[in-house]
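J.: The numbers in the numbering used here rise by one with no breaks, and the one at position 392 of the sequence shown is 392. Positions of the beta carbon are idealized from the N, C-alpha and C atoms, including for glycine. Keep in mind it's a predicted model, so treat the numbers as computed, not measured. Below are the structure tokens for one structure; questions will follow.
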Amino acid sequence: MSTVVNDTKIPNNVNLAEDKKLQRALEKWLPNYLDWWREMGPEGFQEKDVWLRTAVDVGSDGWAHFDYVKMPDYRWGIFLEPPQPDAKVGFGDNYGRPAYQEVPGEFRNALRRIIVTQGDTEPASVEQQRQLGKTCPSLYDLRNLFQVNVEEGRHLWAMVYLLHGYFGRDGRDEADELLERRSGNPDKPRILEAFNQPCDDWLNFFAFTMFTDRDGKYQLSALAESGFEPLARTCQFMLTEEAHHMFVGDTGLGRVCRRTAQLMKQGDVRELGGIPLDIIQKYINFWFSYSLDLFGGEISSNSADFFAAGLKGRYKEREQYSEHSASNQNFTMTVVEDGQLKTREVPLRNALNEVLRGEYVKDCEKGLARWNKVLAGERASERLYLPNPRFHRHVGEFAGHAFDLEGNLISKEEFEKHKSEWLPTMEDREYVRSLMHPVFEPGKIANWIAPPAAGIKGKPFEFEYVRL
Ligand SMILES: [Fe+2]
Ligand SMILES: [Fe+2]
């Protein structure tokens, strides 16, 4: 069984002290990481005490320790779920064979790419969110932002551990580059487009953690099934932290909806300093569509190869499916052919990105249902919705074509004509930004958002979550 070592520079449950070479490599990477954190982490709050949860173990009871911590002193560590005795490859052509403890040679490059791409998103989101603290709607929200930020930092550690531990020299180079790219920088951008989009107001932040972190949940879930055991165990533990990020987004948007609905009863939402529902809808359209792109092309030979090799499974592969080969089956999907929407039969293995995206969409719909329940509870008749998954796509079958919110194929001119009704405009963004005045007093909250139903870990909303 793995035990957690906390008294080293790098807390871990992977017996790092016994692998001197790996330990040295990671200890060399550590100061560069801290430099990156100080340069690109939350601006202006590095020396403040924040009431944070720190992973100290992976056990289901009590892996998390809550206390005041200054962010640069957060104990970023390497935590993997304990190994399963007799772990087997759970799907694909090698189904039932012993799980891989080393990287299968022919998939080395592909697997490295998967890990680098996942790893790149973690520091990217910290960079995107680094200015948000200055405009927090409450100390409770400020603390949640920082919690998300330090955990994204830990997720970077998780991926860097795999790169250093299993990919030799190239892995170390890739780990260095993860600290060199910058979100939104035209010369050295982050790998995926959603992670180069500005996330500079709290409505963006909540939509990002709702929709983009949720993509992370599905990618990690698919990798948590991996026959490459170190990757599976790493992702299993990351998922426990990821749940809080989605909670922040989901409840954050729910609280904005509640406040907006309350203001709607009093008069004009804008005049009363709230965020109108149509702007909330546009932010949903924006982040949902960018997040859908993160699943990759609808028809993908990579997805087929990864599944065949037992590297990336389906969502809850072991729990949800009884047939784990996914061969000799077809998947019916909609594609654009000769300027028209047509259905096409695709071998299931080539459609697995789309299968995973479908699971994600179902999960997002539940969030919409929760927000609509809030609206109904406040007796508003308006409802929010998800746009059709073909809307505003930049990757895959639908990229390069224009669709309306219902998913009807339209001309590019038509799209341009309606764009300002469907996606946030400059004015919308400026308006939202104009509401973002910080509220730093314990127990107080900005006018455009409702307080949470409860505080964190039994503490009241009024608790001093960040000591300023
Ligand atoms: Fe993450
Ligand atoms: Fe996250």
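How many angstroms separate the CA atom of L375 from the CA atom of A450?
T.: 13 angstroms
J.: Entirely within the region 304-335 and at least 4 residues each: give me those alpha helix (DSSP H) ranges in chain order.
T.: 317-320
J.: Where do the ends of the beta strand (DSSP E) carrying Q340 lie?
T.: Q340 to P347
J.: Determine the DSSP secondary structure at P98, reduced to helix, strand or coil.
T.: strand
J.: On the CB-based measure, 16 or more other CB atoms within 10 Å of its CB, does T212 come out buried or exposed?
T.: buried
J.: Just grab the DSSP bridge partners of K48 for me.
T.: BP columns for K48 are empty, so no partner.
J.: Output the distance between the C-alpha atoms of S327 and A308, rounded to the nearest integer angstrom.
T.: 9 angstroms
J.: Taking 8 angstroms as the cut-off, is the beta-carbon of V148 closer than that to any non-hydrogen atom of ligand 2?
T.: yes
J.: Just the Cα atoms here: how many angstroms apart are Q340 and N388?
T.: 16 angstroms
J.: Tell me the residue span of the alpha helix (DSSP H) that contains A175.
T.: Looking at the DSSP string, the run of the alpha helix (DSSP H) that includes A175 is G168 to L178.
J.: Here's the rule I'm using: 16 or more other beta-carbon atoms within 10 Å means buried, otherwise exposed. How should D173 be labelled?
T.: By the 10 Å Cβ count, D173 comes out exposed.
J.: Might you give, ordered along the chain, the residues of its own chain that have their beta carbon closer than 7 angstroms to the beta carbon of K282, omitting 5 neighbours on each side?
T.: Setting aside the 5 residues that flank it on each side, K282 is surrounded in the same chain by W422, L423, P424 and D428, each with a C-beta closer than 7 angstroms to its C-beta; the list follows chain order.
J.: Roughly how many angstroms separate the alpha carbons of A110 and W157, rounded to a whole number?
T.: 20 angstroms
J.: According to the Cβ coordinates, are K9 and Q46 closer than 9 angstroms?
T.: no
J.: Which class does I410 belong to by DSSP, given the choice of helix, strand or coil?
T.: Three-state result, I410: strand.
J.: Nearest by alpha-carbon distance to V439: which of L468, H418 and A453 is it?
T.: L468
J.: Can a CB atom of chain B be found closer than 9 angstroms to the CB of V50?
T.: Looking for chain B here will not work: only one protein chain is present.
J.: Expressed to the nearest angstrom, what Euclidean distance is found between the alpha-carbon atoms of Y290 and T332?
T.: 23 angstroms
J.: Out of D215, H164, D293 and R143, state which residue places its alpha-carbon closest to the alpha-carbon of F398.
T.: D293
J.: Report the three-state DSSP secondary structure of V69 (helix, strand or coil).
T.: strand
J.: Output needed for A99: all residues of its chain with C-beta closer than 7 angstroms, excluding positions within five of it in sequence on either side, in chain order.
T.: A87, K88, V89, G227 and E229
J.: In the DSSP output, which residue or residues are listed as bridge partners for K88?
T.: P98
J.: Are the CB atoms of G92 and G310 nearer to each other than 9 angstroms?
T.: yes
J.: Give the straight-line distance between the Cα atoms of Q320 and A124, rounded to the nearest whole angstrom.
T.: 32 angstroms
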